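Visitor: So that we are looking at the same thing, I have put the structure below in structure tokens.
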Amino acid sequence: MQNNTPSGHQESPFKGKTGLRRLINAFGYSMDGFKAAYKHEDAFRQEVWLSLVLIPLAFYLESEALHRILMVGSVLLVMIVELLNSAVEAVVDRVSIERHALAKRAKDIGSAAVLLALINLTVVWGLILFN
């Protein structure tokens with residue numbers, strides 16, 4: 087059975103839950119995503135450990151709320167971008183593991199996004215700690 091929208095686009099058959107059931111399912115899927123990323127992605131695992139050091143350090147080092155928000159936010163941004171990059175890589179690999187210019191481009195762009203998030207983290211922490 088195909089579930090089509092009024093515009094004719096096919097919808098996922100897994101859609102349809104609403105209310106509290108949808109929230110519970112979404113939370114479970116998110117936990118599955120965290121577990122999969124931690125198990126299969128070395129970079130994400132490293133960033134989790136880094137966050138376990140940096141986030142408490144942000145509360146220890148800084149007294150200004152805005153500084154703490156920026157420091158913690160920059161750490162979380164790295165993890166968010168890494169999760170999205172890992173998702174792109176998984177989809178690209180699911181489609182084909184053959185070398186292809188578009189697959190390389192997609193993976194390289196995701197990697198560049200992670201690099202920018204790491205640069206952002208470094209700049210935010212550096213400006214706050216050394217200013």
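This note's numbering numbers the first residue of the sequence shown as 87 and each following residue consecutively. Backbone N, C-alpha and C fix where the C-beta goes; we use that ideal spot for every residue, glycine too. Keep in mind that this is a model prediction, so the values were computed, not measured.
(1) With H, G and I counted as helix, E and B as strand and the rest as coil, what does DSSP make of GLU127?
(2) Which residue spans inside the segment 120-173 form an unbroken alpha helix (DSSP H) run of at least 4?
(3) Which of helix, strand or coil does DSSP assign to GLU175?
(4) Could you work out which residue in LEU143, ALA189 and LEU170 is closest to LEU215 when comparing CA atoms only?
(5) For the alpha helix (DSSP H) that contains LEU197, what are its first and last residues?
(6) Could you tell me the distance, in whole angstroms, from the CA atom of LEU109 to the CA atom of ALA192?
Guide: Working from what's here:
(1) By 1-based counting over the sequence shown, the position of residue 127 is 41. DSSP places GLU127 in coil when its eight states are reduced to three.
(2) 128-147
(3) The residue given as residue 175 occupies position 89 in the sequence shown. In this structure, GLU175 counts as helix in the three-state DSSP scheme.
(4) For the purposes of this step, residue 215 is taken as the residue at position 129 of the sequence shown. The option with the nearest alpha carbon to LEU215 is LEU143.
(5) Numbered from 1 along the sequence shown, position 111 holds the residue referred to as residue 197. Residue 197 is actually Ser in this sequence, not Leu. Run containing SER197: 187-215, per the alpha helix (DSSP H) assignment.
(6) Translated into positions along the sequence shown, residue 109 becomes position 23. Translated into positions along the sequence shown, residue 192 becomes position 106. Cα to Cα, the separation comes out at about 31 angstroms.
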